[in-house]
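*Asks:* Counting from 760, one number per residue, gives the positions in the sequence shown under the working numbering.
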Amino acid sequence: MNIRFDGKRALVTGAGKGIGREIAVLLSQLGASVVAVSRTQADLDALRAEIACETIQADLSDAQAAQGAAEQAGAIDLLVNNAGIAIIEPFLEMSLHGLDETLAVNLRAAALIGQVVARGMVQRGKGGSIVNVSSQASMAALHGHAAYCASKSGLDHLTRVMALELGPHQIRVNAVNPTVILTPMGEKVWGDPEKAAPMLSRIPLGRFGKPHHVAHAVAYLLSDYADLIHGVTLPVDGGFLVG
Ligand code: NAP
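1) With which residues is Val796 paired in a DSSP beta bridge?
2) Among residues of its own chain, excluding the 5 on either side of Ala822, which ones have a beta-carbon nearer than 8 Å to its beta-carbon?
3) Does the Cβ of Ala805 have 16 or more other Cβ atoms within 10 Å, making it buried, or fewer, making it exposed?
4) Starting from the Cα of Val932, find the closest Cα among Val991, Leu901, Met958, Gly950 and give me that residue.
5) Please return the same chain residues whose Cβ sits closer than 7 Å to the Cβ of Ser893, not counting the five positions on each side in sequence.
6) Measuring from the CB of Ser792, is there a heavy atom of ligand 1 at a distance below 7 Å?
7) How about Pro937: is its Cβ closer than 7 Å to a heavy atom in ligand 1?
8) How about the region 955–969 and the region 921–930: do they share at least three Cβ pairs that are nearer than 8 Å?
9) Under 7 Å Cβ to Cβ from Phe764, same chain only, skipping five residues before and after it: list those, please.
10) Under 8 Å between the Cβ atoms of Ala808 and Ala817?
11) Runs of 3 residues minimum, wholly inside the region 915–952: which ones carry the beta strand (DSSP E) assignment?
12) How close, in whole Å, do the beta carbons of Ala783 and Ala795 come, if the pair is a contact with beta carbons under 8 Å?
13) So Val940 and Gly903 are in contact, right, with Cβ under 8 Å, and what is the actual spacing, rounded?
14) Nearest to Val1001 by CA position, among Ala899, Ala974, Gln929, Gly884, is which residue?
What follows is the structure in structure tokens.
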């Protein structure tokens, strides 16, 4: 297999750090023209210095900003809705801010950006491919993750409805569902070895992931090698979800 995206324009959200940055770099290496969206301008500047991508600074928790970023990106063949946040609060103490912000970034922005991008794909009539970066937390309940789990379950089901409605336009839509990945977010939530140990013990392969594990799965799903794979939520989890 030799995945290439020459001549394709790829939009990656949350490309400033972690998994999104890894995906942006990989897609660029595979020949795509990357449009990187993220919140911190300095991250985008550093990425542009590395892969010569286009960059759009936006706070995707704002609905208009999310739609505006997608419109500014122009014609897109490959979309990765990766931007996400984790605000960890026990359910009984869950704040309105935590719930609203989590749903706005993890679910609403993906829906709005997906809508703008898919409208363009339909108009151009050449199909396309979309991958939403979900989580194992969409399928397994995790302490302190009520808002996060709900947002990712919503994203999984959004993926299925998008697949149902966009399939006839030859726009494939899939999700990946990673376990703990050692990124700034992963370190923030699972960096404490005492907290990490019970989670690690539930992963049959006995290790957390690295950003490239997710980036490789995303590249495959975006590529023509996954031409008949549509509407799936693919665990990238070392087997966590079998248990
Ligand atoms: P990360 O290290 O925190 O990086 C997230 C990136 O998204 C950052 O560049 C961040 O920019 C950007 N972002 C966040 N909120 C944004 C907003 N409102 N507007 C624009 N950009 C925003 O996170 P990660 O671990 O790479 O996670 C990426 C995706 O994977 C998320 O959807 C996450 O839920 C999912 N995931 C992660 C793990 C894990 O263990 N790490 C596991 C399963 C799923 P700023 O830093 O400038 O805010």
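Ideal Cβ placement from N, Cα and C applies to all residues, glycine included.
*Replies:* Based on what the coordinates show:
1) Indexing the sequence shown from 1 puts residue 796 at position 37. DSSP lists Thr772, Ile815 as partners of Val796.
2) Walking along the sequence shown from the start, residue 822 turns up at place 63. Within the same chain, Ala822 has close Cβ partners Ala863, Arg867, Ala868, Leu871.
3) Counting from 1 along the sequence shown, the entry for residue 805 is found at position 46. When all chains shown are included, Ala805 counts as exposed.
4) Sequence index remark: in the sequence shown, residue 932 carries index 173 (1-based). When only C-alpha atoms are compared, the closest one is Val991.
5) Locating residue 893 in the sequence shown gives position 134, counting from the first residue. Excluding sequence neighbours, Ser893 sits near Lys911, Leu914, Asp915, Ala934, Val935, Asn936, Thr992.
6) For the purposes of this step, residue 792 is identified with residue 33 of the sequence shown, where counting begins at 1. Flag unset: Cβ of Ser792 not near ligand 1.
7) Walking along the sequence shown from the start, residue 937 turns up at place 178. Yes - ligand 1 has a heavy atom lying nearer than 7 Å to the Cβ of Pro937.
8) no
9) Residue numbering aside, residue 764 sits at position 5 when the sequence shown is read from its first letter. If we look at Phe764 and ignore the five residues flanking it on each side, its Cβ neighbours are Leu786, Leu789, Gly790, Ala791, Leu837.
10) On the sequence shown, position 49 is the one that residue 808 refers to. On the sequence shown, position 58 is the one that residue 817 refers to. No, Cβ-Cβ distance for Ala808 and Ala817 is not below 8 Å.
11) 930–937
12) On the sequence shown, residue 783 is found 24 positions in, with the first residue counted as 1. On the sequence shown, residue 795 is found 36 positions in, with the first residue counted as 1. Right, the Cβ-Cβ distance comes to about 5 Å (below 8 Å), so this counts as a contact.
13) As a position in the sequence shown, residue 940 is number 181, starting the count at 1. As a position in the sequence shown, residue 903 is number 144, starting the count at 1. One detail in the question is off: residue 940 reads as Ile in this sequence, not Val. Not a contact, Cβ separation roughly 18 Å.
14) Indexing the sequence shown from 1 puts residue 1001 at position 242. Per the Cα distances, Ala899.
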